[in-house]
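Data block below; observations after.
Protein chains in written order, with the working numbering: chain E, 246 to 598; chain U, 159 to 715.
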């Protein structure tokens, strides 16, 4: 295909996507979460960084023993992230103008509209009605798109497994506990109730009441209320959330909305592109045909012209030949006449002698 | 051939590295110069008020120059202009100049001029012409301590014989003044002294000098008299920046204040005819009768002005605009003069540091109070409650607001005095034997053994911390009030309910504001320890409070 034709196609596709995005902006629907979904409220002012939640999670989920035991608090000196062996980790943050460090628990935030689920093309992730985002390893193909999609960098991969490696992340203990009416492992293990489980709507009320009752103790924001369209893990803190290594620039748009515009185009592309490409092909075919015809015509003309010229040349040649012939004949006749005349003169002279 | 090349490279390397070394060495020298001048240096950026600076600001070591000039037998007039009876604390000019070029010339010609003349004499000197960045370092330096003329320091000034003012009993007039706009002179009026900042603002307004200029002109000029050889100058205060604006100076002042208090029992008041007691009324002179009646129901407040003076450094803590009664500006229904802050807001706004309740809230953040008070929700001001009665008195003996308005000032003060004198500001506590010595917490003993909590020791330690505080003594109104710090949400009594009577269930998601028993214990103990700066036992040292189960058996085996 020629470069110019390719650019033409791209232009046509672009016009299509612009039309699609304006259509999307017109719909203002926002998913408010399942009405009775559960959530966990983390209060960093109550967290003492004892790592009991890590132990609770590890035991309940039957994960491998960690390299260093849970009561080894020197682990907190380095910033950690979730791994395939640890669905949750607690990190320590030194906050400016505060003598005591602050701790934050990291785990899956169970987005109301999960980015991982929208990125997964086999549907291995599911947002359950209880609020938990669960994972089905039987359909997972190991593409790890979810790891790239997650705005909180939570899913981890079993890189050390040669056979059937899985994505590992917190499931809010959905199957083993939550769906049976029990508390998630971390929540139950917390000795200070820095983690509270409850209905999301109710926990938001609790958080708001705490912020109101202790205006000097808390930052007046509930992290997770609107971040990435809202999450089922909520945070309140006595220090700005940036100080706890949390991304406060995520905006309140759910992750799937960022891709839905582009993805909506796919059916359109499937339906329209054959037509578009067919049309362009037809146009180019017709152009080729006309060109062919013109070429044939010009050849014919050229051939005709050549023939005509050849005929003319031939005729001229014939004329000339005829003329030459005549001349020759005339010459011969003349010569014959002269000879005859000379003979006749000779005969006359001899007789005279 | 190879050898030749090797030497060229070697020499090149040495040359380049020596260059780098030279540069880093120079810049280090500058840094050291900069960090030296913490206090005792002045940032010169006068031109920044007029236009954007084309060069970094200058960090000028003022104290160093003061010392050097003194050694040379020179005085402040070397750099500062003498005017009438004093010096002007601008550099080489008698007032603020709004011409950037003129300012530049003043600094360059005089600074470099002086340096150059010393250089010619062969003496050590400061930077010379062309060494721009030796002065223009752009080093902002550390912010110096703001200076507070607190009561003890005030006393040494108004009682000093060295600065006696006319024949007055106190030396107030030596510093305080009023301005007569008609005669255009400063004069002193006894009892009308104000805080300097009421007129001298942070920026120049109505041709009134800034606080910075006024205070330096006034204080340093007077302090420098002794050094300048004025007769009968007597003892004198600091003339170096460090003398007032360093941490050391602050500590010195605090120390002197403590000494004075020990010596005299109480630091003398700053008398200017202010009342010792006030009967505060939700009224501003009968302008808003309807509202007054509405709010009058809560009763008047006998206010101990004298004891509040004693616990504040300056009058400005409360009287932020002028030394008048609050209701002069903050009227019952709000006025433009008072920024539309109503009288009730001016008294009760918890977010303000100047209101009664705001300041009391602030006081509760002290370590000795925060253990209990941090855990208490912010006070709500909806409707009347028993808590209002701590300030707003009520009863048969108490005049109603309407009656109090009718009284003359003397009677009103007399009423206030009676009620204030009747106040009990001593600490109230149950008898020692009535306080359980230890409390065994064993209901949750499982992974860990029971806790033997030294209940009495904790309570008495807390009580000792606030024994001296009349504020705590007064507001902790019952013998059981201190107990309520932990035994909260129940009336004060000798036998308050135990923790588990409310926090019975381990965790109840239907009532998530009420922690479960385990969390209730941990939150209460740990948050209190943190707020009161109690380092032992540490939050995460589990066995410091409760031994791990099975440790005994392990030891026996």
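Heads up, the beta-carbon is just placed ideally off N, CA and C, and yes, glycines get one too.
Endpoints, the beta strand (DSSP E) within which residue 217 of chain U is located: Position 59 of the second chain, counted from the start, is the residue given in the question as residue 217 of chain U. First-last of the beta strand (DSSP E) with residue 217 of chain U: 216–218.
Pull up the CB-CB distance for residue 329 of chain U and residue 312 of chain U, whole angstroms please, since I reckon it's below 8 Å. As a position in the second chain, residue 329 of chain U is number 171, starting the count at 1. As a position in the second chain, residue 312 of chain U is number 154, starting the count at 1. Residue 329 of chain U to residue 312 of chain U, Cβ: 10 Å. No contact.
Would the beta-carbon of residue 602 of chain E fall within 7 Å of that of residue 328 of chain E? There is simply no residue 602 of chain E to check, as chain E begins at 246 and stops at 598 in what is shown.
Rounded to the nearest angstrom, what separates residue 439 of chain E and residue 347 of chain E at their Cα positions? What you label residue 439 of chain E is simply residue 194 of the first chain in a count that begins at 1. What you label residue 347 of chain E is simply residue 102 of the first chain in a count that begins at 1. Going from the Cα of residue 439 of chain E to the Cα of residue 347 of chain E covers about 12 Å.
Just to confirm, are residue 366 of chain E and residue 378 of chain E a CB contact at a threshold of 7 Å? Here residue 366 of chain E is taken as the residue at index 121 of the first chain, counted from 1. Here residue 378 of chain E is taken as the residue at index 133 of the first chain, counted from 1. No, they are not a contact pair.
For a quick check, are the C-beta atoms of residue 489 of chain U and residue 554 of chain U less than 7 Å apart? Walking along the second chain from the start, residue 489 of chain U turns up at place 331. Walking along the second chain from the start, residue 554 of chain U turns up at place 396. The answer is no: Cβ separation not under 7 Å.
State the Cα-Cα distance for the pair residue 430 of chain U and residue 333 of chain U, rounded to the nearest angstrom. Within the second chain, the letter at position 272 stands for residue 430 of chain U. Within the second chain, the letter at position 175 stands for residue 333 of chain U. The straight-line gap from Cα to Cα measures roughly 14 Å.
Using beta carbons (cut-off 7 Å, strictly below), is residue 536 of chain U in contact with chain E? The count along the second chain starts at 1 and reaches residue 536 of chain U at position 378. Judged by the 7 Å Cβ criterion, residue 536 of chain U is in contact with chain E.
How do the segment 386–403 of chain U and the segment 257–277 of chain U stand: do at least 3 beta-carbon pairs fall below 8 Å, yes or no? no
Anticipated Cβ contact below 8 Å, residue 471 of chain U with residue 309 of chain U, distance rounded: What you label residue 471 of chain U is simply residue 313 of the second chain in a count that begins at 1. What you label residue 309 of chain U is simply residue 151 of the second chain in a count that begins at 1. Right, their Cβ atoms sit about 7 Å apart.
Within chain E, the residues that residue 615 of chain U reaches when beta carbons sit closer than 9 Å: In the second chain, counting from the first residue as 1, residue 615 of chain U sits at position 457. Going along chain E, no residue has its Cβ under 9 Å from residue 615 of chain U, so there is no contact; the nearest lies around 23 Å.
Out of U:279, U:436, U:482, U:620, which one is the CA nearest neighbour of residue 571 of chain U? As a first step, residue 571 of chain U must be located in the second chain, where it is residue number 413. Among U:279, U:436, U:482, U:620, the Cα nearest to that of residue 571 of chain U is on U:436.
Boundaries of the alpha helix (DSSP H) in which residue 306 of chain E is found, first to last residue: Working through the first chain from its first residue, we reach residue 306 of chain E at position 61. 297–306 is the span of the alpha helix (DSSP H), which, as asked, contains residue 306 of chain E.
Would the beta-carbon of residue 398 of chain E fall within 7 Å of that of residue 476 of chain E? On the first chain, residue 398 of chain E is found 153 positions in, with the first residue counted as 1. On the first chain, residue 476 of chain E is found 231 positions in, with the first residue counted as 1. Taking 7 Å as the Cβ cut-off, residue 398 of chain E and residue 476 of chain E do not qualify as a contacting pair.
Below 7 Å on C-beta distance, what does residue 318 of chain E contact in chain U? Here residue 318 of chain E is taken as the residue at index 73 of the first chain, counted from 1. Within 7 Å Cβ-Cβ: 698.
Cα-Cα, which of U:341, U:345, U:342, U:349 is closest to residue 327 of chain U? Taking the second chain and counting its residues from 1, one reaches residue 327 of chain U at position 169. With distances taken between CA atoms, residue 327 of chain U lies nearest to U:349 out of U:341, U:345, U:342, U:349.
In whole angstroms, what is the alpha-carbon distance linking residue 360 of chain U and residue 232 of chain U? One-based indexing of the second chain puts residue 360 of chain U at position 202. One-based indexing of the second chain puts residue 232 of chain U at position 74. Taking the straight line from one Cα to the other gives about 31 Å.
Answer yes or no: do residue 678 of chain U and residue 661 of chain U have a C-beta to C-beta separation smaller than 7 Å? Within the second chain, the letter at position 520 stands for residue 678 of chain U. Within the second chain, the letter at position 503 stands for residue 661 of chain U. In contact: residue 678 of chain U and residue 661 of chain U (Cβ atoms closer than 7 Å).
Three-state secondary structure assigned by DSSP to residue 578 of chain U: Here the question's residue 578 of chain U lines up with position 420 in the second chain. DSSP places residue 578 of chain U in helix when its eight states are reduced to three.
Below 7 Å between beta carbons: does that hold for residue 695 of chain U and residue 559 of chain U? For the purposes of this step, residue 695 of chain U is identified with residue 537 of the second chain, where counting begins at 1. For the purposes of this step, residue 559 of chain U is identified with residue 401 of the second chain, where counting begins at 1. Residue 695 of chain U is not a Cβ neighbour of residue 559 of chain U, given a cutoff of 7 Å.
Please go through the same chain and pick out, in chain order, the residues whose beta-carbon is closer than 7 Å to the beta-carbon of residue 673 of chain U, but skip the five residues on each side of it. The sequence position of residue 673 of chain U within the second chain is 515, counting from 1. The residues are 661, 681.
Just the chain U side, please: which residues come within less than 7 Å of residue 458 of chain E by C-beta, in chain order? Locating residue 458 of chain E in the first chain gives position 213, where the first residue counts as 1. The contacting residues are 535, 536.
Nonlocal neighbours in the same chain, by C-beta distance under 7 Å from residue 247 of chain U, ignoring five residues either side: For the purposes of this step, residue 247 of chain U is identified with residue 89 of the second chain, where counting begins at 1. Hits under 7 Å: 238, 371, 374, 375, 378.
Find the residues of chain E that neighbour residue 684 of chain U, judging by a C-beta separation of less than 9 Å, and give them in chain order. As a first step, residue 684 of chain U must be located in the second chain, where it is residue number 526. Neighbours of residue 684 of chain U in chain E, taken as residues whose beta carbon is under 9 Å from its own, are 291, 293, 437 in chain order.
Hey, residue 578 of chain U and residue 460 of chain U are a contact pair by Cβ (cut 8 Å); roughly how many whole angstroms apart? Counting from 1 along the second chain, the entry for residue 578 of chain U is found at position 420. Counting from 1 along the second chain, the entry for residue 460 of chain U is found at position 302. Confirmed, about 5 Å.
Between which two residues does the beta strand (DSSP E) harbouring residue 337 of chain U extend? Counting from one through the second chain, the residue named residue 337 of chain U turns up at place 179. Looking at the DSSP string, the run of the beta strand (DSSP E) that includes residue 337 of chain U is 336–338.
Closer than 7 Å, Cβ to Cβ, to anything on chain E: give me those residues from the segment 311–338 of chain U, in chain order. none
Bounding residues of the beta strand (DSSP E) (the contiguous stretch that carries residue 633 of chain U): Position 475 of the second chain, counted from the start, is the residue given in the question as residue 633 of chain U. It is not in any beta strand (DSSP E) - residue 633 of chain U instead sits in the alpha helix (DSSP H) that spans 628–633.
Cβ shell of residue 418 of chain U (< 7 Å), same chain only, five flanking positions each side left out: For this step, residue 418 of chain U is matched to residue 260 along the second chain. Closer than 7 Å at Cβ, skipping near neighbours: 310, 313, 425.
Measuring only the C-alpha atoms, how far is residue 645 of chain U from residue 656 of chain U? Position 487 of the second chain, counted from the first residue, corresponds to residue 645 of chain U. Position 498 of the second chain, counted from the first residue, corresponds to residue 656 of chain U. Residue 645 of chain U and residue 656 of chain U: Cα-Cα distance of roughly 7 Å.
Below 8 Å on the Cβ atoms is my guess for residue 305 of chain E versus residue 411 of chain E; work out the distance and round it to an integer in Å. For the purposes of this step, residue 305 of chain E is identified with residue 60 of the first chain, where counting begins at 1. For the purposes of this step, residue 411 of chain E is identified with residue 166 of the first chain, where counting begins at 1. With a Cβ gap of about 17 Å, residue 305 of chain E and residue 411 of chain E do not count as contacting.
Relative to the C-alpha of residue 526 of chain U, which candidate in U:229, U:398, U:626 has its C-alpha closest? In the second chain, counting from the first residue as 1, residue 526 of chain U sits at position 368. Of U:229, U:398, U:626, the residue nearest in Cα terms is U:626.
Quick check: the Cα distance between residue 613 of chain U and residue 647 of chain U, rounded to an integer number of angstroms? Here residue 613 of chain U is taken as the residue at index 455 of the second chain, counted from 1. Here residue 647 of chain U is taken as the residue at index 489 of the second chain, counted from 1. Between residue 613 of chain U and residue 647 of chain U, the C-alpha separation is close to 19 Å.
Might you give, ordered along the chain, the residues of its own chain that have their beta carbon closer than 7 Å to the beta carbon of residue 296 of chain U, omitting 5 neighbours on each side? As a first step, residue 296 of chain U is located in the second chain; it is residue number 138 there, counting from the start. Closer than 7 Å at Cβ, skipping near neighbours: 214, 215.
Counting only Cβ pairs nearer than 8 Å, list the residues of chain E close to residue 681 of chain U. Start at 1 with the first residue of the second chain, and residue 681 of chain U comes out as number 523. In chain order: 291, 437, 438.
Figure out for me which residue from E:461, E:368, E:372 has the closest Cα to the Cα of residue 383 of chain E. Within the first chain, the letter at position 138 stands for residue 383 of chain E. Residue E:368 is the option with its Cα nearest to residue 383 of chain E.
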